[in-house]
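Contents: one structure, followed by commentary.
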Amino acid sequence: MKIKNPATGEIIAELDEDRTEEVRAKLQSLRQGQRAWAQISVRKRLACIERFGELVRQNSDELAAILTAETGKPIQQSHNEIIGAQNRIDHLKANAEKWLADETLVDTGATHERISYEPLGVIANISAWNFPYNVGYNVFLYALVAGNAVMYKPSEYAALTGKQFEKYLHLAGIPENVFQCVVGDGKLGQTLLEENFDGYWFTGSYLTGRHIATTIAHKLVPLQLELGGKDPLYVTDDVTDVKQAAINAAEGAFYNNGQSCCAVERIYVSEKIYDEFVAAFTAEVKSYTIGNPLKTDTFIGPMTRKQQVNVLDGQVKDALKNGALLKNGGKAIEGKGNFYEPTVLINCSHAMKVMRDESFGPIIGIQKVASDQEAIALMQDTEYGLTASVFSSNEERALQILREMDTGTVYWNCCDRVSPNVPWSGRKNSGLGTTLSSQGIRAFVQPKSYHLRFS
Ligand code: TXE
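In C-alpha cells form, the structure reads like this:
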C-alpha cells in the first residue's frame, strides 16, 4: 500500500497489506493471547498502558511528524492531539480498577448476589484517520484495560501511525498476541467483517457504518459505530462578546481543516447580531495561515483525502445557485496537495447541501434566524445527532434549547470538544453505542451474575 503525503502528493512510504490468511493467523494468536491477558490484574494491564503513554510522550516529535506527513494535519495540531490524548490514559488510571471490580449487590449471610465483569474476547477495531490518537485510544486502550485482545485496522490514510501504536504497545509490555495492527483499505475491513470477532468497534462514515451493521448482524456480537455529523451552533442575540463568539465558532468549524467528527458544520445567528457576527467571523477566517503543515504557525493544511475537494466544490456551487453569498474562499488551491480555501458562505438556507450534508472540510454555512424556536427547528432538521452548541449569556435560555436537541452531546459557550469524563455517543445516523467514561469501558465487558447460597 502506497502512503501519500496530502500536502505534496509524494509517496512517502510503502507498506505490505495484510491478506485474509494473515488476518486469520493473527486472529488465532490473539485468541490464545487474550485468555492469558484476561487473567492478569487490571492494575498490571494499566501499568502497560501507562508505559505506552510515556513512550508516546518521549517520542512525540517523531510521532507528530509521521501524523502530519500522512494526514496533512498541521504540526502543532498533531502535537496537540498526541499530548491531549494522554488524558484518556490518566482517566483510565484513576478509574478503571473501580469500574471493572466485582460488585456485591446482596449479602444476607446465607445468600450472595454478585456481578463480575468479563472481557468480550477479541475486538476488531476499524478506525479513522482524522484523529487517530483520540478515536484509536477511545477504543483500543479501553478494550485492552478491560482484558480484551484487539485487532486494530487503522484507516488507509493513517496506517503509519497505526503501526507506531503497535510498536509502542509491544514495547510497553502488551504481548504481541494481545494487540495486532493490520494494514489495508476497505477490502481488508471487509475481511475483518467476515471473520468471527467478539465485537466490532468502528469509526468512519455513516455508509460504511451501516454496511458493517448489516453485514455482521447475524453474528449477534456487540457493535459500536462512531459516525459523522452535521453539528449545529447557534449564537443568540444576548451574547456578551460577539467577536469572541465568532472566533470560537470559527475555530470549531476550521480546526483540523473541519475534519472532526464534532466540527461545527453549520451556524445559525440571531438576526439582531447577524451582520456583526458575520464580519467578525470572516475577519477571523481571513487571518488563518494556510500552507505547509510542517510550519508551526500553519492553521489550515491540506485535506487528507483528495476526493473531498469535489464534495466541497459541489456544496459551494449548490449554495451559490440557491442564493448564498461567498465571504471567503470557495475553491481548491491550485498546485500540489489537497488544499482548499477556508470557505465562508452566508445567507444560507436548508435548501442548500452545505446546511444538510456533512462537509468534513474547511467550509461553513451561516444562516440568519429570527427566534430561538426557528433555531431549534433548524438545528433539529438533520439526520445526524452527534453534538449541538449554543452561545448565549443566559444559561437557562441555553439549557432550554439544548434539552430539545436529539444529540449525544451538547455544549454551552463552547464546541468541538471531547472529554474522557463523560460519555461520547451519537444518535440517529451519528452512531450507536458509547465510548469514554465508565460507560466506555463497561462496553468492553459482559456481566456475569453470581447467585451464591451458603447453606
Ligand atoms: O470513511 P470510511 P473515510 C466520516 C466522515 C467522512 C467520512 C469518510 O463522514 O466524510 O467518514 O472518511 C474502513 N468494511 N468520518 O473515507 O470509508 C476504512 O478502511 C469494513 C467520521 O475514512 O467509512 C477505514 O478504516 N471496513 C469520523 C474505515 O472503514 C471498511 C472520523 C473508515 O472508512 C469498509 C473519520 C468495508 N466495506 C471519518 N470500507 C468520526 N466520527 O470521527 C471502508 N472501511
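Residues in the sequence shown are numbered consecutively from -5, following my numbering.
Think of the CB as a built atom: it goes at the ideal place given N, C-alpha and C, for glycine as much as any other residue.
Q: Return helix, strand or coil for Val233, following the three-state DSSP convention.
A: In the three-state scheme derived from DSSP, where H, G and I count as helix and E and B as strand, Val233 is classed as coil.
Q. Where do the ends of the alpha helix (DSSP H) carrying His344 lie?
A. Neither: His344 is in no alpha helix (DSSP H) and is coded neither H nor E.
Q | Cβ distance (whole Å) where Thr298 is taken to contact Ile69 below 8 Å | A | The C-beta distance from Thr298 to Ile69 rounds to 15 Å, too long to meet the 8 Å contact threshold.
Q: Would you verify that the beta carbon of Leu182 is, or is not, closer than 8 Å to some beta carbon of chain B?
A: Although the question refers to chain B, the structure presented lacks it and comprises just one protein chain.
Q: Please classify Phe385: is it buried, with 16 or more other beta-carbons within 10 angstroms of its beta-carbon, or exposed?
A: It is buried - the Cβ of Phe385 has at least 16 other Cβ atoms within 10 Å.
Q. How many whole angstroms separate the CB atoms of Val116 and Leu21, which I take to be in contact at a CB cut-off of 8 Å?
A. Your pair Val116 and Leu21 checks out as a contact, with CB atoms roughly 6 Å apart and the cut at 8 Å.
Q: Alpha carbon to alpha carbon, how far is Val439 from Leu219? Give it in angstroms, no decimals.
A: A straight line joining the alpha-carbon of Leu219 with that of Val439 spans about 17 Å.
Q. In chain order, what residues of the same chain lie with their CB nearer than 8 Å to the CB of Cys342, ignoring the 5 residues before and after it?
A. Once the five neighbours on either side are set aside, the close Cβ partners of Cys342 are Arg260, Ala313, Ala318, Val348, Met349, Gly359, Ile360 and Gln361.
Q: Report back the beta-carbon spacing between Pro414 and Leu430 to the nearest angstrom; my notes put them in contact at under 8 Å.
A: Contact between Pro414 and Leu430 is confirmed by a C-beta separation of about 5 Å, below the 8 Å threshold.
(Q) Quick test of your reading: Ile357 and Gly252, contact by CB under 8 Å. State the CB separation rounded to the nearest angstrom. (A) In this structure, Ile357 and Gly252 form a Cβ contact; the two beta carbons are roughly 7 Å apart against a cut-off of 8 Å.
Q | Segment limits, beta strand (DSSP E) that includes Glu8 | A | Bounds of the beta strand (DSSP E) holding Glu8 are Ile5 to Glu8.
(Q) Between the alpha carbons of Ala30 and Ala1, how many angstroms are there, rounded? (A) Approximately 44 Å, taken between the alpha carbons.
(Q) Starting from Phe438, trace the beta strand (DSSP E) in both directions and tell me its first and last residue. (A) No beta strand (DSSP E) contains Phe438, which DSSP labels as neither H nor E.
Q) Is the Cβ-Cβ distance between Ile370 and Glu398 less than 8 Å? A) At a Cβ-Cβ threshold of 8 Å, Ile370 and Glu398 count as neighbours.
**Q.** Own chain residues within Cβ distance below 7 Å of Ala152, not counting five before or after
**A.** Cβ neighbours of Ala152 beyond the five flanking positions: Glu64, Thr65, Trp123 and Pro126.
Q | Contact check, Asn53 vs Asp232, beta carbons under 8 Å | A | No, they are not a contact pair.
Q. Is there at least one non-hydrogen atom of the ligand TXE closer than 7 Å to the beta-carbon of Asp205?
A. With the sequence shown as reference, residue 205 is identified as His, and Asp is not the correct amino acid for it. Flag set: Cβ of His205 near the ligand TXE.
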